[in-house]
Structure formats: structure tokens, C-alpha cells
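Residue numbers (this note's numbering): 447 to 621.
Here the structure is laid out as C-alpha cells; the discussion comes afterwards.
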């Protein structure tokens with residue numbers, strides 16, 4: 447009820463509610479409070495008008511739209527050559543065959559999964575854990591990959607996943 451009254455009457459709803467319920471004036475302090483609310487609202491409107499006159503009308507709807515990714519910026523260097531991701535000197539069939547081979551190497555039977563789980567219990571202390579982690583999308587990176595937007599360039603995420611050891615400084619606590 448109070449929310450509806452507040453919406454219908456604005457800042458005056460307290461006075462009207464009090465006057466309807468008690469048939470008396472709401473008092474000096476309530477009236478001061480109402481005047482303060484009205485003055486604040488007026489000042490916000492005036493500031494908005496002034497800023498529109500100075501800076502022009504708001505283009506919030508235009509600035510919030512994300513531009514589709516159209517490749518790397520020429521001013522930031524040639525990423526393809528820098529990362530060595532130019533044209534591959536292999537045929538499409540050979541590439542698909544290598545892809546299938548890698549995916550088959552990642553598949554494990556139930557017994558192999560249980561054995562690997564036991565061998566990698568110590569995680570960071572286990573060499574097997576480090577070796578397996580390099581070949582798989584881990585839970586810590588899964589969210590990052592799933593939340594990528596369609597217009598976000600993938601290159602930084604790929605570099606982070608593949609080469610994070612290079613970028614992460616080794617400290618005494620990590621060894």
C-alpha cells in the first residue's frame with residue numbers, strides 16, 4: 447500500500463497519508479522533509495538539463511552497444527606473426543586426422559580415470575597433474591570460456607589458458 451501511495455502521490459504521500467488517517471496536519475518536520483525531497487528532485491532535473499545543454503543529448507543507447515570484433519588492430523602489431531599462427535603447411539585432411547588423434551588420446555576408460563585420480567591427488571605436487579592439466583580444459587578455465595561473448599576476441603583467453611605458466615610469477619608460496 448505504501449509503495450503504491452508513494453508512486454501515486456510522490457514525496458507528498460506521507461503528508462496525505464497522515465492527513466487522511468488523523469484529519470490533522472502532518473507537522474512542521476514532515477513538511478520540511480517533503481520540501482527537501484521536492485527540492486532535491488528539482489535540482490536533479492535542473493542538473494540533467496544543464497548537462498544536456500553543455501554536453502549534448504545522452505547517447506547512452508548508442509554507447510552501450512558493443513561493436514562486433516573485426517580482427518586485430520593494425521596499431522597493436524601483427525599478432526598472427528607474433529604468435530606464429532599463420533597458414534599451416536598441412537592439408538585439411540591431415541589437420542582433421544591430427545585433431546582426431548589428439549581427442550582420442552584424451553579419452554580415458556573408467557579404470558584409467560580412477561588411476562589418474564589417485565595419481566594426481568596431491569595436485570600441484572604431482573607431475574602427472576601438471577601434465578594432464580595442460581591438455582584439458584579445467585574447471586577454473588571453463589567459466590571463462592563459457593562466458594565469452596560472440597564479439598570478444600579469443601586470442602587473450604587462449605594465450606592465458608595455454609601459456610599461463612609463462613605469465614605467472616613463481617613465488618616461494620607457490621613452490
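No residue lacks a Cβ here, since even glycine has one placed at the ideal position from N, Cα and C.
Contact check, residue 565 vs residue 574, beta carbons under 7 Å: yes
Cβ-based neighbour list, residue 485, same chain, cut-off 7 Å, excluding 5 preceding and 5 following: none
Under 7 Å between C-beta atoms of residue 455 and residue 462: yes
Three-way DSSP call (helix, strand, coil) for residue 470 in this model: coil
Residue range of the alpha helix (DSSP H) that includes residue 585: 585-592
Range covered by the alpha helix (DSSP H) that runs through residue 565: 556-565
Whole-Å CB distance - residue 587 paired with residue 601, under 8 Å assumed: Their Cβ separation, rounded to whole angstroms, is 15 Å, which puts residue 587 and residue 601 out of contact at 8 Å.
Presumed contact (8 Å Cβ cut-off) between residue 552 and residue 581, rounded CB distance: 6 Å
Limits of the unbroken alpha helix (DSSP H) element including residue 573: 573-581
Straight-line Cα distance separating residue 585 from residue 476: 56 Å
Cα-Cα separation, residue 488 to residue 450: Taking the straight line joining both Cα atoms gives about 22 Å.
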